[in-house]
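Written out below as structure tokens is the structure these notes cover.
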Amino acid sequence: MISKRMYPWLDERLGLSGIYKTVLDRMVPKVNWWFTLGSATLFLFALQVVTGIMLSAYYVPSPDKAYDSIQYIMNGVAFGWLIRGIHHWGATLMVITVFLHMLRVFFYAAYKYPREITWTTGVFLLLATLGMGFTGYLLPWDQKAYWATTVGTSIAGTVPGIGEFILRALRGGSDLSGVTLARFFSAHIWMFPAIIIALIGVHIYLVIRIGISSVPKEND
Amino acid sequence: MNDLQKAQYKEKYLRAKRNGEKFFPDSLYRDMLVMFAIFLLLVGLAAFVGVAAEPKADPSDTAYIPRPEWYFLFLFEMLKFFPGSLEWVGTTVIPVAAVFALLLLPFYDKNPARHWKKRKFAIGFMSVVVAAMVFLTIRAVVTTPAQENAGAVATTLPAQISAGQDIYSVQCAECHGAEGEGGVIKGVKGLEGYKMKAINSQDEMYTRMDDTLYNIVEYGQPDLGMPPFGKAFGGELSRSDIDNLVTFMRYTWDNRVEVPKGAAQTNAIPALGPNDIPSYDVNIAPIVKRYCVSCHRPGKENNNYYMGSYSDLMNSGDHKPNIVAGDLNSNLIRMLHGEKIEAGGAMPPTKALSPDLISIFERWVKAGAPEKPAK
Ligand code: HEM
Chain E
1402 MISKRMYPWL DERLGLSGIY KTVLDRMVPK VNWWFTLGSA TLFLFALQVV
1452 TGIMLSAYYV PSPDKAYDSI QYIMNGVAFG WLIRGIHHWG ATLMVITVFL
1502 HMLRVFFYAA YKYPREITWT TGVFLLLATL GMGFTGYLLP WDQKAYWATT
1552 VGTSIAGTVP GIGEFILRAL RGGSDLSGVT LARFFSAHIW MFPAIIIALI
1602 GVHIYLVIRI GISSVPKEND
Chain R
941 MNDLQKAQYK EKYLRAKRNG EKFFPDSLYR DMLVMFAIFL LLVGLAAFVG
991 VAAEPKADPS DTAYIPRPEW YFLFLFEMLK FFPGSLEWVG TTVIPVAAVF
1041 ALLLLPFYDK NPARHWKKRK FAIGFMSVVV AAMVFLTIRA VVTTPAQENA
1091 GAVATTLPAQ ISAGQDIYSV QCAECHGAEG EGGVIKGVKG LEGYKMKAIN
1141 SQDEMYTRMD DTLYNIVEYG QPDLGMPPFG KAFGGELSRS DIDNLVTFMR
1191 YTWDNRVEVP KGAAQTNAIP ALGPNDIPSY DVNIAPIVKR YCVSCHRPGK
1241 ENNNYYMGSY SDLMNSGDHK PNIVAGDLNS NLIRMLHGEK IEAGGAMPPT
1291 KALSPDLISI FERWVKAGAP EKPAK
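Next comes the structure, spelled out in structure tokens:
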């Protein structure tokens, strides 16, 4: 069989068995279902990336066209409703799983030595996920999106001293406009995903390097 | 944690690992199962719940009640506890403090214990915070009033065309005629006798792009007598309304545009077979809506004859009754035929209805002017 000769050849060059040993073939403590929340979040993020890339093929980030392009995705594109539906509900579910994952880590004290940095990157992941939610919400450019973002950004404007600056930086002017939409779009498809992917890399590296914590016992 | 505690932890952890399981396949199997369940759940939600349709963003509609995404609701609700000059406490101090409290948690929580029984304060504190977040979220949902005029949103082309038709019939027909044909205006204050050009012509359709039509309706042409309809300029049409209106005009009057299947039917006035008995609900209401309501509604010149509902149609007007069941000499029928009587002249004033529409009215009156279709 070809794979029989191919594998050693590839392994020699890519170090596949090394990866297999460190990532998959390792001992971990026996844990419970709560420990699936992190990988569930990872899966949801991957799903968001895939469906998001598909949506971006039809979505037009301009105030004139955004709404219509979404209508077209829902009614005109084959399975567009499914892709958008998954992206929409996936976002909600991801926020839930990230939050529950954080609570699981908190209640099992898994943020303590030696996993402090895993926790810190986790908090940034939580913030970035919320940032994804906030920026994504504006993109359909419908009434809900427009007014929620108007109120959301005006809240940022109440920060003492620099509020006015933050407000204008978020909106790209004093009012919501096409500039705001362009900024939120860019943040939603480039800035936050880049941050999240980098952080997930560190996060997962640490989880594998340190090993998943065990469920605390009475004497722990 | 001092070095001794660290060493103790490491040893315990090694033991737990040795008595543990293989990541692959044992742990990964559980992970995959959950992922698969999540995928099914998402497909189910997309297929059976879907994404709620909303009207297009409308900066002029300040009556809209803003609703943040549900997972931010607790933040918005919390702000209500910091009114006026204290607002910045809710918007800045608490969120920033919360973020730092989370970020630095492993560094100020010096308690080396991990079992919940030895971490009662931490567990209790977090539980209270989570309970408060849940409480605030529920409170926000319960106390936010329902959206006004949260009617159905037209999302498909046929639905948009049909919504546009309804708006056109009510708002525009009085000046531009039921089909946009124009003519000499009768019965409109301020424009009596004005010779209106057709807006359904190819000249018009070929030279006015959708954006132009949109602006004409939104801003009006006040100097020429065309009132503004956009909310931003004091009218009553939202962005979505005007979009639908323009879609209707384009798909109905522009002969370059192909009307999609299904769109034509939703728009049509129901046909009547030779032996059918017409009723108000099925046959008359659509005709009246398209050809008469534009003038015959409150606030217009019409001898107080409103035609928005069955009872108004039968019982209102300075010369009521305008319809007498079984009597073809009723005011309304005579006026449809262009007779000049005490109640007024030809109806509609600019262009008579087509003979088959008039005959539907006649057959309806002869049959006793029923409201509901016969079973
Ligand atoms: C995009 C968001 C996130 C992803 C994809 C992610 C992914 C993961 C995965 C796959 C694990 C392996 C163990 C498990 O599944 O429970 C893990 C562990 C961990 N995560 Fe996350 N995580 C995210 C967010 C967070 C957040 C918000 C926190 C806390 C603030 C956090 C803190 C931790 C810690 C401390 C561990 C180690 C837990 C242990 O060893 O028991 N993570 N994460």
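Just so you know, the protein sequences line up as chains E and R, in that order. 1402 is the number of the first residue of the first sequence in our numbering; add one for each residue after it. 941 is the number of the first residue of the second sequence in our numbering; add one for each residue after it. Ideal Cβ placement from N, Cα and C applies to all residues, glycine included.
query, result
"Backbone secondary structure at residue 948 of chain R - three-state DSSP", "helix"
"Nearest-angstrom Cα separation, counted from residue 1020 of chain R out to residue 1145 of chain R", "52 Å"
"Spatial neighbours of residue 1479 of chain E in its chain, beta-carbon cut-off 8 Å, leaving aside the 5 residues before and after", "none"
"Cβ neighbour criterion (16 or more within 10 Å) applied to residue 1485 of chain E", "buried"
"Residue-level contact to chain C via CB, residue 1047 of chain R, 8 Å cutoff", "Protein chains E and R are contained in the structure displayed, whereas chain C is not."
"Closer than 8 Å to chain E by CB, residue 978 of chain R", "yes"
"Contact with chain R by residue 1412 of chain E, beta-carbon distance below 8 Å", "no"
"Min CB distance residue 1265 of chain R to chain E below 8 Å", "no"
"Any non-hydrogen atom of ligand 2 within 7 Å of residue 1579 of chain E CB", "Of the ligands one can find in the structure shown, namely ligand 1, none is ligand 2."
"Stretch pair the segment 960 to 975 of chain R + the segment 1067 to 1077 of chain R: three plus CB contacts closer than 8 Å", "no"
"Anticipated Cβ contact below 8 Å, residue 1008 of chain R with residue 1447 of chain E, distance rounded", "So it is not a contact: roughly 26 Å between Cβ atoms."
"Contacts of residue 1075 of chain R in chain E (Cβ-Cβ under 7 Å)", "Result: empty, since nearest Cβ-Cβ is about 16 Å, beyond 7 Å."
"Test: residue 1009 of chain R CB closer than 8 Å to a CB of chain E", "yes"
"The segment 1304 to 1312 of chain R in contact with the segment 1210 to 1227 of chain R per 3-pair CB rule at 8 Å", "yes"
"Bridge-paired residues (DSSP) for residue 981 of chain R", "According to DSSP, which records beta bridges pairwise, residue 981 of chain R is partnered with nothing at all."
"Simplified DSSP state of residue 961 of chain R, which is helix, strand or coil", "strand"
"Spatial distance of residue 943 of chain R from residue 1585 of chain E (CA atoms)", "47 Å"
"CB contact below 8 Å: residue 1508 of chain E versus chain R", "yes"
"Residues, ordered as in the chain, of the segment 1091 to 1116 of chain R that lie near chain E by beta-carbon distance below 7 Å", "1095 and 1096"
"Residue-level contact to chain E via CB, residue 1070 of chain R, 8 Å cutoff", "yes"
"Chain-ordered chain E contacts of residue 962 of chain R [CB-CB under 9 Å]", "1425, 1426, 1427, 1428 and 1429"
"Sequence-distant residues of the same chain with beta carbon closer than 7 Å to residue 1243 of chain R, five excluded per side", "1257, 1258, 1259, 1283 and 1284"
"Classification of residue 1137 of chain R by the beta-carbon crowding that lies within 10 angstroms, buried from 16 upward", "exposed"
"Alpha helix (DSSP H) segment containing residue 1173 of chain R, residue limits", "It is not in any alpha helix (DSSP H) - residue 1173 of chain R carries neither H nor E in the DSSP assignment."
"Contact under 8 Å by Cβ, residue 1199 of chain R with residue 1153 of chain R", "no"
"Chain-ordered chain R contacts of residue 1517 of chain E [CB-CB under 8 Å]", "1046 and 1047"
"is_contact[residue 1023 of chain R, chain E] using C-beta, thresh 8 Å", "no"
"Top-ranked residue by Cα proximity to residue 1580 of chain E, from E:1463, E:1416 and E:1406", "E:1463"
"Same chain, Cβ closer than 8 Å to residue 1036 of chain R, five either side skipped, listed in chain order", "none"
"Closest by C-alpha distance to residue 1375 of chain E, when choosing among R:1029, R:1068, R:1228 and R:1189", "Outside the shown range of chain E, which is 1402 to 1621, sits residue 1375 of chain E, and nothing can be said about it."
"Residue burial classification, residue 1513 of chain E (beta-carbon count within 10 angstroms, cutoff 16)", "buried"
"Between the CA atoms of residue 1544 of chain E and residue 1516 of chain E - distance to the nearest angstrom", "43 Å"
"Chain-ordered neighbours of residue 1544 of chain E on chain R, where CB pairs are closer than 8 Å", "994, 995, 996, 997, 998, 1001 and 1004"
"Proximity test, Cβ basis, 8 Å: residue 1579 of chain E and chain R", "no"
"Beta carbon of residue 1593 of chain E nearer than 8 Å to that of residue 1533 of chain E", "yes"
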